[in-house]
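Visitor: Note that our numbering has the sequence shown beginning at 374, numbered continuously upward.
The C-beta atom is built at its ideal place from N, Cα and C for all residues, glycine as well.
Sharing a structure, written as structure tokens. Questions coming.
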Amino acid sequence: EGVVSAGNTGAVMVTAKLVLGMLPGVDRPALAQAFPTLNGRPAVMLDVGANVDCAPRMLAQFAVMGDVYSRVIFQTENPRVGLLSIGEEEHKGNDLTRRAFTLLKTLPLNFIGNVEGRDVYSGETDVIVCDGFIGNVALKVSEGLAEVIKHMLQQSLEATIAGKIGYVLSKAAYADFKKRLDYSEYGGAPLLGVRGVCTICHGRSNANAIKNAIRVAAQFSGGQINNLIEMELDRWSATAEAAAQAD
374 EGVVSAGNTG AVMVTAKLVL GMLPGVDRPA LAQAFPTLNG RPAVMLDVGA
424 NVDCAPRMLA QFAVMGDVYS RVIFQTENPR VGLLSIGEEE HKGNDLTRRA
474 FTLLKTLPLN FIGNVEGRDV YSGETDVIVC DGFIGNVALK VSEGLAEVIK
524 HMLQQSLEAT IAGKIGYVLS KAAYADFKKR LDYSEYGGAP LLGVRGVCTI
574 CHGRSNANAI KNAIRVAAQF SGGQINNLIE MELDRWSATA EAAAQAD
């Protein structure tokens with residue numbers, strides 16, 4: 374039914390493309406990673422490392438796949454899709470993001486425009502679209518920052534007697550805080566766009582991460598995500614074709 378791997382990302386991706394093949398309408402697969410947010414519902418960012426260089430059309434495909442994934446896995450109604458850029462205005466960003474913005478506006482999605490790095494965790498965006506270079510940097514910075522925050526908080530709590538007492542009194546809250554920042558709680562990143570179920574885990578994944586990656590893979594398979602992606606991409610193609618004929 375599916376595969377979960379903590380091996381080399383590039384090798385797993387190439388193997389998945391060769392063995393499983395691509396879904397119709399998908400140029401290249403994308404890695405989708407869940408990020409914690411202030412409202413408690415994870416935001417999905419893609420691509421986080423499968424494609425360093427992307428074309429605008431690929432970002433549009435990522436948006437469609439991310440929308441489906443958010444709806445099925447996190448039960449998000451009408452996911453808000455944002456394009457990661459350096460400013461909210463349509464003209465902000467580089468050539469790729471500006472061209473992708475124009476294309477994303479034509480999609481039958483809840484596209485809310487450009488979003489910035491600070492919006493990743495706000496809970497105001499459900500699907501964040503970017504190329505694999507930017508996405509991987511954002512992912513690695515987030516992982517590093519989460520470790521720093523947990524370490525600094527623990528240092529502060531252990532620095533004084535009052536802090537130690539406070540830690541004892543708020544142990545349950547602290548455990549919940551650590552859990553919400555723990556990457557292993559979100560399992561691996563599914564490789565969206567291949568004709569099958571493939572989840573890629575971090576190279577340093579622990580037992581909890583592998584367990585949750587298997588859980589996500591099972592949800593992916595049971596949710597018929599690939600069938601829904603095909604349907605949505607067909608709908609987008611039909612919309613684009615109708616618009617071209619109207620012109």
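Just mark S529 as buried or exposed, buried being the case when its beta carbon has 16 or more other beta carbons within 10 Å.
Guide: Exposed.
Visitor: In terms of DSSP beta bridges, what is Q378 paired with?
Guide: Checking the sequence shown, residue 378 turns out to be Ser, not Gln. S378 is bridged to I573.
Visitor: For a test of the three-state rule: what should DSSP assign to L526, helix, strand or coil?
Guide: Residue state, collapsed to three classes: helix.
Visitor: Indicate whether A511 and L457 have their beta-carbon atoms separated by less than 9 angstroms.
Guide: Going by C-beta atoms, A511 is nearer than 9 angstroms to L457.
Visitor: Select from P409, G560 and T475 the residue whose C-alpha is nearest the C-alpha of R491.
Guide: Out of P409, G560 and T475, P409 has the C-alpha closest to the C-alpha of R491.
Visitor: So P397 and M386 are supposed to be a Cβ contact under 8 angstroms. How far apart are they, rounded?
Guide: That pair is no contact at about 19 angstroms.
Visitor: Are the CB atoms of Y494 and A591 nearer to each other than 9 angstroms?
Guide: Not in contact: Y494 and A591 (Cβ atoms no closer than 9 angstroms).
Visitor: With DSSP as the reference, label R453 as helix, strand or coil.
Guide: R453 falls in the strand class under three-state DSSP.
Visitor: I'd like the list of long-range same chain contacts for V500, defined as Cβ closer than 6 angstroms, with 5 residues on each side in sequence excluded.
Guide: If we look at V500 and ignore the five residues flanking it on each side, its Cβ neighbours are V417, G439, D440, S443, P452 and V454.
Visitor: Once DSSP output is grouped into helix, strand and coil, what is the label at P563?
Guide: Strand at P563.
Visitor: Taking C427 as the reference, which of L526, R577, G560 and I507 has the closest Cα?
Guide: Closest option to C427, Cα to Cα, is I507.
Visitor: State yes or no: is the C-beta of H575 within less than 9 angstroms of the C-beta of A389?
Guide: Not closer than 9 angstroms, so no.
Visitor: Let's see if you can read the secondary structure: which residues bound the alpha helix (DSSP H) around N581?
Guide: N581 -> alpha helix (DSSP H) spans A580 to G595.
Visitor: Short of 8 angstroms in beta carbon distance, which residues of its chain neighbour Q406, apart from the five on each side in sequence? Order them along the chain.
Guide: Same-chain partners within the cutoff: V417, M418, L419, V421, G508, L512, Y559 and A562.
Visitor: How many Å lie between M604 and L432 at the Cα?
Guide: Taking the straight line joining both Cα atoms gives about 17 angstroms.
Visitor: Quick check on the DSSP output: the alpha helix (DSSP H) that includes Q434 runs from which residue to which?
Guide: P429 to I446 is the span of the alpha helix (DSSP H), which, as asked, contains Q434.
Visitor: Going by C-alpha distance, which of R608, A586, R471 and I583 is nearest I459?
Guide: Taking only the C-alpha atoms, the option nearest I459 is R471.
Visitor: Taking only three categories from DSSP, how would you classify L419?
Guide: Here L419 sits in strand by DSSP.
Visitor: What runs of the beta strand (DSSP E), each 3 residues or longer, lie entirely inside the region 453–514?
Guide: You should have 453–457, 483–488 and 500–502.
Visitor: What residues in its chain sit with their C-beta under 8 angstroms from that of T449, if we drop five residues either side in the sequence?
Guide: The answer, listed in chain order, is R414, S443 and D499.
Visitor: Alpha carbon to alpha carbon, what distance is there between E516 and L601?
Guide: Cα to Cα, L601 sits roughly 31 angstroms from E516.
Visitor: Would V437 pass as a contact of L606 if the rule is Cβ separation under 9 angstroms?
Guide: Against a cut-off of 9 angstroms, the Cβ pair of L606 and V437 comes out as a contact.
Visitor: Sort out for me which residues DSSP pairs L404 with in a bridge.
Guide: The partner list for L404 (beta bridge, DSSP) reads L564.
Visitor: Going by alpha carbons, who is nearest to R588 out of T475, V392 and T572?
Guide: The shortest C-alpha separation from R588 is found at T572.
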